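Chemist: In UniProt numbering, the protein residues as written are 1 to 281.
The structure is reproduced here in structure tokens:
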């Protein structure tokens, strides 16, 4: 898959390194490890999953010392099993150990997001429904986490409030109704901006269908109601289901025929994928 831009990666990794190194640097490594010692280490998967964040891990090592070499064997999107070597890192030992935690923090978190996404994507692979993410992301890391979602086989929702119009229940309440909210949105944005409306009931959906928009978010509906909603839409809008999405519930939701299913937890609460750094023999 397409690598992340260095313009995005380097400032984030640099900030993480500055946070970790503080004012005095890595006083443990600098006092314990001889200055002339070199090291060759492997980034190894401890659990099965999907890799994401290799660009950030590599950047962490290289920013600490450009003399460090990083050879990525399993790039983002790769499936791993326990014991698989994701990358080999070699260079000045002090620099390697200093960058270790920041590299593993990014790699473990983003691989966790990719793995959580893959669990859902695998569960619905036999259908045409796709899993997508939300704006429920770690502040400052949204682009990285959305990259990880794609690595896991998902697709991206909007990246921010300026990407597209998503009219939710509070917008509807303050605008004076569904149709008024849609009319105001159409009048206020350009012709290339897509509009999605969130609905909780079939009655709200029918109101939207009097003047269809680009997509409809079917929020917290039962599978039976979702199936009826998809039949009512009849292909006139993209359908997205949200609420109660797990790898276990995903096949039932996908069976209703929705185009997309969204989940916030795959970015904000995905368990870290356990990866470690082992000194090579």
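Virtual Cβ for every residue (Gly too), placed ideally from N, Cα, C. Source: prediction; values computed, not measured.
My guess is that residue 124 and residue 95 are in contact by the Cβ rule of under 8 Å, so how many angstroms apart are they, rounded?
Modeler: Counted from its first residue, the chain shown places residue 124 at position 124. Counted from its first residue, the chain shown places residue 95 at position 95. Actually they do not touch by this definition, with Cβ atoms about 43 Å apart.
Chemist: Let me know the secondary structure DSSP gives residue 161 once reduced to three states.
Modeler: The residue given as residue 161 occupies position 161 in the chain shown. Here residue 161 sits in coil by DSSP.
Chemist: What is the DSSP secondary structure of residue 211, counted as helix, strand or coil?
Modeler: Here residue 211 corresponds to residue number 211 of the chain shown, with the count starting at 1. Three-state result, residue 211: coil.
Chemist: By alpha-carbon positions, which one of 13, 185 and 31 ends up nearest to residue 211?
Modeler: Here residue 211 is taken as the residue at index 211 of the chain shown, counted from 1. Answer by Cα proximity: 185.
Chemist: Pick out whichever of 130, 261 and 89 has its Cα sitting closest to the Cα of residue 38.
Modeler: Counting from 1 along the chain shown, the entry for residue 38 is found at position 38. If we check each option's Cα against that of residue 38, 89 comes out closest.
Chemist: Is the segment 152-159 touching the segment 131-140, taking contact as three or more C-beta pairs under 8 Å?
Modeler: yes
Chemist: Here's a check: name, in chain order, each residue in its chain whose Cβ is nearer than 6 Å to the Cβ of residue 183, leaving out the five neighbours to either side.
Modeler: In the chain shown, the residue the question calls residue 183 occupies position 183. Correct list: empty, nothing qualifies.
Chemist: Note down, in chain order, each residue of its chain lying with its Cβ closer than 8 Å to the Cβ of residue 120, except the 5 sequence neighbours on either side.
Modeler: If you number the chain shown from 1, residue 120 lands on position 120. Within the same chain, residue 120 has close Cβ partners 131, 154, 245, 246, 247, 250, 261, 263 and 266.
Chemist: For a test of the three-state rule: what should DSSP assign to residue 138, helix, strand or coil?
Modeler: Counting from one through the chain shown, the residue named residue 138 turns up at place 138. Looking at residue 138 - three-state DSSP - the assignment turns out to be coil, as it is neither helix nor strand.
Chemist: Grouping DSSP H, G and I as helix and E and B as strand, with all else coil, what is residue 124?
Modeler: In the chain shown, the residue the question calls residue 124 occupies position 124. Residue state, collapsed to three classes: coil.
Chemist: From which residue to which residue does the alpha helix (DSSP H) around residue 43 run?
Modeler: As a working mapping, residue 43 is identified with position 43 in the chain shown. Residue 43 -> not in any alpha helix (DSSP H); beta strand (DSSP E) instead, spanning 38-45.
Chemist: Are residue 203 and residue 219 touching if we call contact CB-CB under 8 Å?
Modeler: Taking the first residue of the chain shown as 1, we reach residue 203 at position 203. Taking the first residue of the chain shown as 1, we reach residue 219 at position 219. Not in contact: residue 203 and residue 219 (Cβ atoms no closer than 8 Å).
Chemist: Does the beta-carbon of residue 5 have 16 or more other beta-carbons within 10 angstroms, so that it is buried, or is it exposed?
Modeler: Mapped onto the chain shown, residue 5 falls at position 5. Under the 10 Å beta carbon count, residue 5 is surrounded by fewer than 16 other beta carbons and is classified as exposed.
Chemist: Leaving out five residues before and five after residue 58 in sequence, what residues of the same chain have Cβ atoms less than 6 Å from its Cβ?
Modeler: If you number the chain shown from 1, residue 58 lands on position 58. So the qualifying residues of the chain are 70.
Chemist: Does the distance from the C-beta atom of residue 1 to that of residue 112 stay below 8 Å?
Modeler: Numbered from its first residue, the chain shown carries residue 1 at position 1. Numbered from its first residue, the chain shown carries residue 112 at position 112. It is not a contact, given that the beta carbons lie outside the stated cut-off.
Chemist: Check whether the Cβ atoms of residue 272 and residue 41 sit closer than 8 Å, and answer yes or no.
Modeler: In the chain shown, counting from the first residue as 1, residue 272 sits at position 272. In the chain shown, counting from the first residue as 1, residue 41 sits at position 41. Going by C-beta atoms, residue 272 is not nearer than 8 Å to residue 41.
Chemist: So, helix, strand or coil for residue 34, using DSSP?
Modeler: The count along the chain shown starts at 1 and reaches residue 34 at position 34. In the structure shown, residue 34 sits in coil (DSSP, three-state: anything other than H, G, I, E or B).
Chemist: In terms of residue numbering, what span does the alpha helix (DSSP H) encompassing residue 52 cover?
Modeler: Working through the chain shown from its first residue, we reach residue 52 at position 52. Residue 52 -> no alpha helix (DSSP H), and no H or E assigned at all.
Chemist: Just checking my contact of residue 165 with residue 193 at CB under 8 Å: how many whole Å lie between their CB atoms?
Modeler: For this step, residue 165 is matched to residue 165 along the chain shown. For this step, residue 193 is matched to residue 193 along the chain shown. The beta-carbon distance between residue 165 and residue 193, rounded to whole angstroms, is 6 Å. This is short enough to meet the 8 Å contact definition.
Chemist: Mind checking whether residue 206 and residue 232 have CB atoms under 8 Å apart?
Modeler: Position 206 of the chain shown, counted from the first residue, corresponds to residue 206. Position 232 of the chain shown, counted from the first residue, corresponds to residue 232. Going by C-beta atoms, residue 206 is nearer than 8 Å to residue 232.
Chemist: Measure the C-alpha to C-alpha separation of residue 258 and residue 129 and round it to an integer number of angstroms.
Modeler: Mapped onto the chain shown, residue 258 falls at position 258. Mapped onto the chain shown, residue 129 falls at position 129. Between residue 258 and residue 129, the C-alpha separation is close to 6 Å.
Chemist: Among 64, 181, 51 and 172, which residue has its Cα nearest to the Cα of residue 92?
Modeler: The residue you call residue 92 lines up with position 92 of the chain shown. Out of 64, 181, 51 and 172, 64 has the C-alpha closest to the C-alpha of residue 92.
Chemist: Closest by CA to residue 19, which one among 101, 115, 97 and 180?
Modeler: To locate residue 19, count along the chain shown from 1; it is residue 19. Checked all of 101, 115, 97 and 180; the closest Cα to residue 19 is 101.
Chemist: How would you write the range of the alpha helix (DSSP H) that residue 193 sits in, first residue to last?
Modeler: Within the chain shown, numbered from 1, the residue matching residue 193 stands at position 193. No alpha helix (DSSP H) holds residue 193; DSSP gives it neither H nor E.
Chemist: Where does residue 276 sit, in a helix, a strand or coil, going by DSSP?
Modeler: As a first step, residue 276 must be located in the chain shown, where it is residue number 276. Here DSSP, grouped into helix, strand and coil, assigns residue 276 to strand.
Chemist: Measure how close the beta-carbons of residue 197 and residue 174 come, nearest whole angstrom, since I'm counting them as under 8 Å.
Modeler: Start at 1 with the first residue of the chain shown, and residue 197 comes out as number 197. Start at 1 with the first residue of the chain shown, and residue 174 comes out as number 174. So it is not a contact: roughly 14 Å between Cβ atoms.
Chemist: My output table needs one value for residue 258: the three-state DSSP class, helix, strand or coil.
Modeler: Position 258 of the chain shown, counting from 1, holds the residue named residue 258. In this structure, DSSP gives residue 258 a state outside helix and strand, which the three-state scheme calls coil.
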